[in-house]
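Participant: Here it is: the structure, laid out below.
Residue numbers (our numbering): 2 to 158.
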């Protein structure tokens, strides 16, 4: 008869192998998570879960993505000192927006979704993995809005 851990649902040998890879420690006012001895994330006493440098903490990837994340707010840090090679984009030169499509996911939860067609998206909003950067789409929408506002001003003058 095969035994499984009530805590993890894994066979004992798999549970031990994973335990040897994953580390959780308390350092001052924070809990530090590590894999194979490499620190990957910290949970502070203020309930902030943060990535350890280089500031990357992924929840899934393009192959194994999370279907849905529910949050009350998304804040994107945007301090100038964290950027280089900054240049303004002109509303007149804004690339076209990606096509909006309706679809059902082939895997996962199912149901209808509305999103963007990465095939028609400009390179400016595409990720290296073939996805769409929603922050970039939002900036592109702002450029298109500025262009429309200018046209409305010209028409009403």
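Glycine is no exception: its CB is placed at the ideal position from the N, C-alpha and C atoms.
For residue 107, tell me which candidate among 74, 26, 96 and 68 has the shortest Cα-Cα distance.
Facilitator: 68
Participant: Apply the 10 Å Cβ neighbour rule to residue 52 and answer buried if 16 or more other Cβ atoms are within range, or exposed otherwise.
Facilitator: exposed
Participant: Ignore the nearest five residues each way along the sequence and tell me which others in residue 145's own chain have a CB closer than 7 Å to its CB.
Facilitator: 95 and 98
Participant: Going by DSSP, what residue range makes up the beta strand (DSSP E) through residue 35?
Facilitator: 31-36
Participant: Under DSSP, the alpha helix (DSSP H) around residue 22 begins and ends at which residues?
Facilitator: 13-22
Participant: Taking all protein chains shown into account, do 16 or more other C-beta atoms lie within 10 angstroms of the C-beta of residue 141, making it buried, or fewer, making it exposed?
Facilitator: buried
Participant: In whole angstroms, what separates the C-alpha of residue 102 from that of residue 113?
Facilitator: 10 Å
Participant: Taking only runs of the beta strand (DSSP E) that begin and end inside the region 58-109, which ones reach a length of at least 3 residues, in chain order?
Facilitator: 101-105
Participant: With which residues is residue 128 paired in a DSSP beta bridge?
Facilitator: Note: residue 128 sits in no beta bridge, so no partner.
Participant: To which residues does DSSP link residue 45 through a beta bridge?
Facilitator: 31
Participant: Measure the CB-CB distance between residue 147 and residue 117 and report whether it falls below 8 Å.
Facilitator: Using a Cβ distance threshold of 8 Å, residue 147 and residue 117 do not count as a contacting pair.
Participant: Can you tell which of 56, 30, 55 and 36 has the C-alpha that lies nearest to the C-alpha of residue 44?
Facilitator: 30
Participant: To the nearest angstrom, report how far apart residue 85 and residue 79 are at their CA atoms.
Facilitator: 12 Å
Participant: Out of 120, 4, 130 and 42, point me to the one whose CA is closest to residue 27's CA.
Facilitator: 42
Participant: Run through the DSSP bridge pairs and tell me what residue 50 is partnered with.
Facilitator: 44
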